[in-house]
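Note sheet for the following structure.
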Amino acid sequence: MENLDDLLARAQKHAAEYLEQARTGSVIPSADAVAALPAFEETIPEHGSSPEETLDLMHRVGSRATFATTGGRYFGFVTGGVLPGTLATNWLSTAWDNNSALQAQSPATSALESVASRWILELFNLPADCAVGFVTGATAANLSGLAAARSHILNGLNWDVEARGLFGAPEIRIVVSDEVHVSVLKAISILGLGRERVIRVPTDDQGRMRADAIPELNSSTIVCIQAGNVNTGAFDPAEEVIRAARKAGAWVHVDGAFGLWAFVSLQYQELVRSFLEADSFATDGHKMLNVPYDSGIVIVRNREALSRSFSATAAYLKNSAFDMSNFTPEFSRRARGIEIWAAIRTLGRNGLAQLVERNCEFAKRTPAAVTDCGLTTPHNVVFNQVMLAAKTDEETDRILRAVQSSGVCWFGGTVWHGRHAMRISYSSWNTSEDDFLSTIQAIRRASS
Ligand SMILES: *Cc1c(COP(=O)(O)O)cnc(C)c1O
195 MENLDDLLAR AQKHAAEYLE QARTGSVIPS ADAVAALPAF EETIPEHGSS PEETLDLMHR
255 VGSRATFATT GGRYFGFVTG GVLPGTLATN WLSTAWDNNS ALQAQSPATS ALESVASRWI
315 LELFNLPADC AVGFVTGATA ANLSGLAAAR SHILNGLNWD VEARGLFGAP EIRIVVSDEV
375 HVSVLKAISI LGLGRERVIR VPTDDQGRMR ADAIPELNSS TIVCIQAGNV NTGAFDPAEE
435 VIRAARKAGA WVHVDGAFGL WAFVSLQYQE LVRSFLEADS FATDGHKMLN VPYDSGIVIV
495 RNREALSRSF SATAAYLKNS AFDMSNFTPE FSRRARGIEI WAAIRTLGRN GLAQLVERNC
555 EFAKRTPAAV TDCGLTTPHN VVFNQVMLAA KTDEETDRIL RAVQSSGVCW FGGTVWHGRH
615 AMRISYSSWN TSEDDFLSTI QAIRRASS
């Protein structure tokens, strides 16, 4: 243990070197680096070895074989980078290694996570008595919000779903849009609600749920709406949906993995204001907020519905009503709320707004910067997502492959309303004007 300082300093040196490479070097790993990964395929050693040697192996073989998602030129999926303050607090909280399941055994992490919960609710202007759970990602947050919805509806029908399960239970109807995110369907299937039983509402030319096609709702219905379509960035018509749901007594769940963050910017706030009247929300910390994986947040207005879904008590646990494990599927877990606290504290309201606005600005500037290359955008750019398509699917695919292999930047492809498209997601704190300009250059070169 005398070498612990040296070991941590070494990790810090490798990380600093890595981050510099991610910022300035190629976004994609070389074929050689990926081909060298079998160097990890050792047999389990009979005897241990120095942690330095293990750390060095990870750095030497692993660091080169990563995608530089923490740099400023990675626009795949909706990813986000890692804010410096969240990386550093992540390291310290790993050194603490306190378990955030129970308040009694982790006073400091509980205190920080409770501030993080309060700040999250304040940022979204939600009532202070909403339940907040720090989960692994928006998939787990969707699962958690929908578990609360299931519990609320069945509890109202005198069916204790936690005790009796779903066998013989009254039916729950679920309404989603045709462009619902797969993670919502995954959550529905895990919860025993049946992903093929859902009622799908058609979408419009922007990928929004069509308000005029919402089916009859009732008090046994859960409606899932989306703040931020993964292709177009579009927002479902929350106001109409929630009005109809209120009349019928239905539950509204919002998948706002990245889109909910529009609310932190005065400029984009209107996009999500009406969503915040819903019953439950799923969002991510590891996307727009730029904290390390794994970080998702579930928010539920009806505190009891979420805690009914997840509380489990036992004499030896000495549970209290404030224990975070009452609001998450997990018991033992790392204190992921700490990085959310650190992100909000280091950015402040201003920095948060600028983070969102800068990324949206890059998205808005993208179509005009490449129109003369024959690329068009098949949707309105309303937030951080932008798609580009050439005249034919083949040409789009060719350009995409050329951009991806350039190493200058990276984004993926998609099929949207029957057409192939390149899909660019601006969500990193680290994307600079230079990164943006070299990305545009790379697209232009590949298109010529
Ligand atoms: C990313 C995403 C999810 C899933 O989130 P994870 O953090 O990967 O679990 C769900 N919905 C939307 C709209 C997303 O963009």
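This note's numbering numbers the first residue of the sequence shown as 195 and each following residue consecutively.
We treat Cβ as the ideally placed atom computed from N, Cα and C, and that holds for glycine.
Proximal residues to residue i (C-beta, below 6 angstroms), its chain only, five neighbours per side dropped
{"i": "P396", "result": "D372, R404, A407"}
{"i": "S257", "result": "Y212"}
{"i": "L306", "result": "I532, W535"}
{"i": "G279", "result": "A536, T540"}
{"i": "T608", "result": "N425, A615, R617"}
{"i": "T590", "result": "A583, A584, H614"}
{"i": "A499", "result": "A342, S345, H346"}
Residue i Cβ short of 7 angstroms to ligand 1 heavy atom set
{"i": "H611", "result": "no"}
{"i": "H480", "result": "yes"}
{"i": "T333", "result": "yes"}
{"i": "A451", "result": "yes"}
{"i": "G327", "result": "no"}
{"i": "H447", "result": "no"}
{"i": "V494", "result": "no"}
{"i": "E490", "result": "First, the amino acid is wrong: residue 490 is Gly here, not Glu. Under cutoff, so the answer is yes."}
{"i": "Q400", "result": "no"}
{"i": "H573", "result": "no"}
{"i": "S371", "result": "no"}
{"i": "V485", "result": "no"}
{"i": "V424", "result": "yes"}
{"i": "V272", "result": "yes"}
{"i": "Q420", "result": "yes"}
{"i": "S383", "result": "no"}
{"i": "S377", "result": "yes"}
Residue i (DSSP reduced to helix, strand or coil)
{"i": "T477", "result": "strand"}
{"i": "A583", "result": "strand"}
{"i": "Y487", "result": "coil"}
{"i": "S619", "result": "strand"}
{"i": "V494", "result": "strand"}
{"i": "F525", "result": "coil"}
{"i": "T263", "result": "coil"}
{"i": "V507", "result": "Contrary to the premise, residue 507 reads as Thr rather than Val in this sequence. Reduced to three states, the DSSP call for T507 is coil."}
{"i": "T570", "result": "strand"}
{"i": "A444", "result": "coil"}
{"i": "F457", "result": "helix"}
{"i": "Y277", "result": "This sequence places Leu at residue 277; Tyr is not what is there. Here L277 sits in coil by DSSP."}
{"i": "N293", "result": "coil"}
{"i": "F577", "result": "coil"}
{"i": "P301", "result": "helix"}
{"i": "T625", "result": "coil"}
{"i": "E410", "result": "coil"}
{"i": "D517", "result": "coil"}
{"i": "S257", "result": "helix"}
{"i": "N165", "result": "Outside the displayed range of the chain (195 to 642) lies residue 165, so it cannot be described from this structure."}
{"i": "R530", "result": "coil"}
{"i": "V392", "result": "coil"}
{"i": "S287", "result": "helix"}
{"i": "L632", "result": "First, the residue type needs correcting, since residue 632 is Ser and not Leu in the sequence shown. Correct three-state label for S632: helix."}
{"i": "S642", "result": "coil"}
Opposing strand residues paired with residue i [DSSP bridges]
{"i": "D449", "result": "Q420, A476"}
{"i": "Y462", "result": "In DSSP, Y462 forms no bridge with anything."}
{"i": "G612", "result": "For G612, which the question treats as bridged, DSSP gives no partner whatsoever."}
{"i": "Y268", "result": "W604"}
{"i": "T397", "result": "M403"}
{"i": "F429", "result": "A421"}
{"i": "T415", "result": "R367"}
{"i": "T560", "result": "DSSP, once it has assigned bridges, lists no residue as partnering T560."}
Own chain, CB closer than 8 angstroms to residue i, minus 5 neighbours either side, in chain order
{"i": "A506", "result": "S519, F525"}
{"i": "Q635", "result": "V602"}
{"i": "L249", "result": "L201, R204, A205, H208"}
{"i": "L259", "result": "First, the residue type needs correcting, since residue 259 is Ala and not Leu in the sequence shown. Cβ neighbours of A259 beyond the five flanking positions: P223, A227, V228, A230, L231."}
{"i": "N412", "result": "R367, A442, G443, A444"}
{"i": "L379", "result": "V370, R389, V392"}
Close-in-space but distant-in-sequence residues of the same chain around residue i (CB under 7 angstroms, 5 per side omitted)
{"i": "D488", "result": "T330, G331, H480, R530"}
{"i": "R613", "result": "P572, A583, D587"}
{"i": "L320", "result": "L470, I493"}
{"i": "V597", "result": "C603, A636, I637, A640"}
{"i": "E433", "result": "S468"}
{"i": "I436", "result": "V446, S468, E471, A472"}
{"i": "V580", "result": "A557, T560, P561, T571, I618"}
Fill in: Contiguous alpha helix (DSSP H) assignments of at least 4 residues, all confined to the region 217-253
Every alpha helix (DSSP H) of 4 residues or more that sits fully in the region 217-253 is shown, in chain order, as 225-229, 245-251.
Fill in: Every unbroken alpha helix (DSSP H) within the region 306-389, with a cutoff of 4 residues, ordered by chain
332-350, 355-358, 376-384
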